[in-house]
Amino acid sequence: LFTLYRLLGAAESPWNLHLRTDLPSQTPAPEFEWLINGKIAQVIYSGHGQYATSITHEGAPFPSLVISEQRSSSEIQITRGAIAKPYLENLTATLIDAQWQERQRSLRWQSRAFAGHFVSATIVSAQVPKKILVDQQILPAASWTAQQEESKSYRTAINYSHALRDCEVLVEF
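Here this note's numbering is used: the first residue of the sequence shown is 475, the next is one more, and so on.
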């Protein structure tokens with residue numbers, strides 16, 4: 475069953491559940507039910523490609539393939555294709571919530587772990603981040619790297635530590 479879910483694009487880590495877009499090219503667009511936060515959610519993929527064009531929870535945009543502990547969506551839709559907006563792809567802490575702020579051109583998320591926990595996060599975007607703040611403090615450039623994968627696609631690895639149980643990250647583009 476675990477292998478079947480992985481082939482369909484579902485994955486889990488010790489910290490959270492998350493969805494994947496890097497499905498084998500011959501895989502038809504999957505659709506399946508998954509128990510998320512105590513509620514059955516219908517997960518529907520469409521489109522083709524290695525990136526998410528849009529991610530919605532019950533029709534509302536949500537900039538993360540990592541499932542938030544606060545959301546109990548009955549339907550999650552992932553449209554694959556070109557990157558339209560930055561999104562959180564992976565996180566080694568519990569995701570409380572995530573927001574894309576169009577006006578500020580920033581991706582913000584709140585994570586939860588124990589104080590002192592070292593967190594790795596990955597975001598996917600069409601441009602390199604300009605600045606990253608963790609709990610309103612600028613994260614040194616040595617703590618994150620952006621790698622260009624294809625034309626207009628970047629995967630940024632971010633490393634930070636939780637000073638307290640809850641932490642807020644802001645990525646400006």
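Using N, Cα and C, we set each Cβ at its ideal position, and we do this for glycine too.
What you are looking at is a predicted structure, and each value in this text was computed from that prediction instead of being measured.
Environment of residue i [buried if 16+ CB atoms lie within 10 Å]
| i | result |
| --- | --- |
| Leu-638 | exposed |
| Ser-499 | exposed |
| Pro-537 | buried |
| Arg-554 | buried |
| Glu-623 | exposed |
| Ile-612 | exposed |
| Asn-511 | exposed |
| Ser-487 | exposed |
| Asp-515 | Sequence inspection shows Ala at residue 515; the Asp mentioned does not correspond to that position. Answer is buried; the Cβ neighbour count reaches 16. |
| Ala-484 | buried |
| Leu-491 | buried |
| Ser-625 | exposed |
| His-522 | exposed |
| Ala-595 | buried |
| Glu-563 | buried |
| Pro-655 | In this structure the chain extends from 475 to 647, so residue 655 is not present and cannot be described. |
| Leu-565 | buried |
Cβ separation of residue i and residue j, assumed to be a contact under 8 Å, to the nearest whole Å
| i | j | result |
| --- | --- | --- |
| Tyr-525 | Ile-557 | 5 Å |
| Thr-619 | Ser-599 | 13 Å between Cβ atoms; not a contact. |
| Ile-518 | Glu-505 | 5 Å |
| Ile-529 | Tyr-561 | 6 Å |
| Arg-577 | Leu-644 | Their Cβ separation, rounded to whole angstroms, is 14 Å, which puts Arg-577 and Leu-644 out of contact at 8 Å. |
| Ser-547 | His-531 | 4 Å |
| Glu-642 | Gln-584 | 5 Å |
| Thr-501 | Leu-481 | 7 Å |
Any chain B beta carbon closer than 8 Å to residue i
| i | result |
| --- | --- |
| Gln-578 | The structure shown contains no chain B; it holds only a single protein chain. |
Range of the contiguous beta strand (DSSP E) that encloses residue i
| i | result |
| --- | --- |
| Val-643 | 640-646 |
| Leu-565 | 561-565 |
| Trp-574 | 568-575 |
| Lys-605 | 605-608 |
| Leu-493 | 491-493 |
| Leu-416 | Absent from the model: residue 416. The displayed extent of the chain is 475 to 647, so no value can be given. |
| Ser-627 | 627-635 |
| Glu-557 | Note that residue 557 is Ile in the sequence shown here, rather than Glu. Careful: Ile-557 lies outside any beta strand (DSSP E) and carries neither H nor E. |
| Ser-599 | 592-599 |
| Ala-589 | Premise fails: Ala-589 is in no beta strand (DSSP E) and is neither H nor E. |
| Ala-620 | 618-624 |
| Ala-615 | Premise fails: Ala-615 is in no beta strand (DSSP E) and is neither H nor E. |
*the stretch 624-639 in contact with the stretch 574-593 per 3-pair CB rule at 8 Å*: The stretch 624-639, when compared against the stretch 574-593, does touch it at the 8 Å Cβ threshold.
*At 3 residues or longer, and completely inside the stretch 499-548: list those beta strand (DSSP E) runs for me, N to C.*
Restricting attention to beta strand (DSSP E) runs no shorter than 3 residues, the stretch 499-548 encloses them at 505-510, 513-521 and 525-531, ordered along the chain.
_Counting beta carbon pairs with one atom in the stretch 542-551 and one in the stretch 564-583, are three or more of them shorter than 8 Å?_
yes
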